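Step one of this worksheet: look at the structure below.
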Amino acid sequence: MKIGIACPYSWDVPGGVQFHIRDLAEELISRGHTVSVIAPATEGTELPDFVVPTGAAIPIPYNGSVARLAFGPRVNWQVRKWLQTNQFDVLHVHEPFVPSLAMLALMSAECPVVSTSHTAMDRSKFLSIASPLLVPVLEKTRARIAVSEEARRTAVEHLGGDAYVIPNGVSVKNFTVSGKDPRFTGTPDSPTIGFLGRIDEPRKGLPILSGAVAEVLAAYPKARFFVAGRGDNSKALEILGDNAVAVTFLGSVSEEDKAALLSSVDIYVAPQTGGESFGIVLIEAMSSGSFVVSSDIPAFQAVLDHGTYGDHFRSEHPEDLARVIIKALGEPERRAATIESAKQAAWRYDWSTVASQILSVYSIAVNTAGKRVAGWGK
1 MKIGIACPYS
11 WDVPGGVQFH
21 IRDLAEELIS
31 RGHTVSVIAP
41 ATEGTELPDF
51 VVPTGAAIPI
61 PYNGSVARLA
71 FGPRVNWQVR
81 KWLQTNQFDV
91 LHVHEPFVPS
101 LAMLALMSAE
111 CPVVSTSHTA
121 MDRSKFLSIA
131 SPLLVPVLEK
141 TRARIAVSEE
151 ARRTAVEHLG
161 GDAYVIPNGV
171 SVKNFTVSGK
181 DPRFTGTPDS
191 PTIGFLGRID
201 EPRKGLPILS
211 GAVAEVLAAY
221 PKARFFVAGR
231 GDNSKALEIL
241 GDNAVAVTFL
251 GSVSEEDKAA
261 LLSSVDIYVA
271 PQTGGESFGI
281 VLIEAMSSGS
291 FVVSSDIPAF
301 QAVLDHGTYG
311 DHFRSEHPED
321 LARVIIKALG
331 EPERRAATIE
341 SAKQAAWRYD
351 WSTVASQILS
361 VYSIAVNTAG
371 KRVAGWGK
């Protein structure tokens, strides 16, 4: 089967949607399908063979973050040429609400279309204004996917219709590390706590973790904190003050170092304050063997099954985060049992399962369009 995938965000600034599309494409190709991904990317970006770049994107504030998007006549021409050249059996557009090349692909597509919504939000001025225009465009989709109930809720509330809930995928085996990395490994009196995320993006929650450090150090004076992610750490340093000596800022890390960090720290903290529709880093942490402490936002409660596979703290409350960390550190046997359960639960999100679910939706889209395409069983 010939599959086109339209990525709304710039490929050269990695994020959850780009990783999702990359891993899905690789899984589909491994099953014998032909896949082409179109995405913004600046000149000189190292790209997989299956990615077609459209040039640089423009940074635009969106949902508490900064999205790098490409739109306009030049991009529209490139998208139309890509569609005409490839004649896909099915087109899969991601984030169809966002004004991007993915929306342009949806507008120009003549083949069956599947859309995936990744975003969760309570209110959107853009969607409130644009929904009368977007609804007719979205009606071109034969089937819709949302990566979580929160993403589904956002799509239904703003634009109506419904969607199949299929979670983000993770290559679980890539996070299954045989041994701990001594750089990040703790001891009972010197435990280690990890954080991953853009460090100057407030909704990722580093200020919340920073505000909990002093109380954790009061209970465990030799505790060490590792912070991985791009961005300016000046605000975190300001909050930390003298406690900054206990924190190591790693900057951007490779996938290998990310797996090493997650598999080795005593606790992985996900203090995000909102705007998360799923929580793929929680699945990565669970796959790696981390004990997860996360905020109690709905998307994270869903992934951890309301505390079955990790602990929650009250979102945006550093003192409660400190309390939960200290309690978990004092219960090594419970942590070990939870980690084993979480590692098993993570397999339900493996791409071997998730890609099959997505292929089933492709089949629905094609069949309702009256097309016959070989290769659905792979």
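If you number the sequence shown the way our numbering does, the last residue is 378 and the count never jumps. Glycine included, each C-beta is placed from N, C-alpha and C at the ideal position. Quick caveat: nothing in here was measured; it's all calculated off a predicted structure.
Which residue comes first and which comes last in the alpha helix (DSSP H) that contains Asp320? 318 to 329
Using 8 Å as the threshold, is the C-beta distance between Gln301 and Gly205 below it? no
Considering only DSSP beta bridges, list what His312 is partnered with. Ser294
Val90 bridges to which residues according to DSSP? Ile3
What residue does the alpha helix (DSSP H) around Leu282 start on, and which one ends it? 280 to 288
Backbone CA spacing between Lys222 and Leu196 [nearest angstrom]: 21 Å
What does DSSP give as the partner residues of Asp181 in its beta bridges? None, per the DSSP bridge assignment.
Counting only runs that start and end within the stretch 181 to 268, where is the beta strand (DSSP E) found for 3 or more residues in a row? 192 to 196, 224 to 228, 247 to 251
In this structure, what does DSSP give as the bridge partners for Pro112? DSSP lists no partner for Pro112.
For Val172, collect the residues of the same chain with a Cβ closer than 7 Å to its Cβ; drop the 5 residues on either side in sequence, then sort them by chain order. Ser287, Ala346, Trp347, Asp350
List the DSSP bridge partners of Ser117. Ala146
In the DSSP output, what is Asp350 paired with across the bridge? Val170
With H, G and I counted as helix, E and B as strand and the rest as coil, what does DSSP make of Pro53? strand
Sequence ranges, alpha helix (DSSP H) only - wholly within the stretch 7 to 54, length at least 4: 16 to 30
Quick one: what does DSSP say Val79 is sitting in, helix, strand or coil? helix
Rounded to whole angstroms, what's the CA-CA distance from Ser264 to Met107? Just pull it up for me. 46 Å
In this structure, does DSSP put Ala337 in helix, strand or coil? helix
Output needed for Asp305: all residues of its chain with C-beta closer than 6 Å, excluding positions within five of it in sequence on either side, in chain order. none
Going by beta-carbon coordinates alone, are Lys343 and Gly289 separated by less than 8 Å? yes
Can you check DSSP and say which residues form a bridge with Ile60? Ala67
Rounded C-beta distance between Ala369 and Pro96? I'm assuming under 8 Å. About 17 Å; that fails the 8 Å criterion.
Determine, for His312, whether the minimum Cβ-Cβ distance to residues of chain D falls below 8 Å. Looking at the structure shown, chain D is missing, and only one protein chain is on hand.
Hey, Ala57 and Leu69: beta-carbon distance below 8 Å or not? yes
What does the Cβ neighbour count give for Ser234, buried or exposed, with the cut at 16 atoms within 10 Å? exposed
Just mark Pro207 as buried or exposed, buried being the case when its beta carbon has 16 or more other beta carbons within 10 Å. buried
Are the CB atoms of Ile5 and Val52 nearer to each other than 8 Å? no
Beta-carbon gap between Ala212 and Leu321 smaller than 8 Å: yes
Lys81 classed as buried or exposed, judged by whether at least 16 other C-beta atoms fall within 10 angstroms: exposed
Can you grab the Cα-Cα spacing for the pair Val361 / Thr353, in whole Å? 13 Å
Here's the rule I'm using: 16 or more other beta-carbon atoms within 10 Å means buried, otherwise exposed. How should Gly377 be labelled? Note that Gly377 scores 48 on pLDDT, short of 50, meaning its location in the model is unreliable and no value can be drawn from it.
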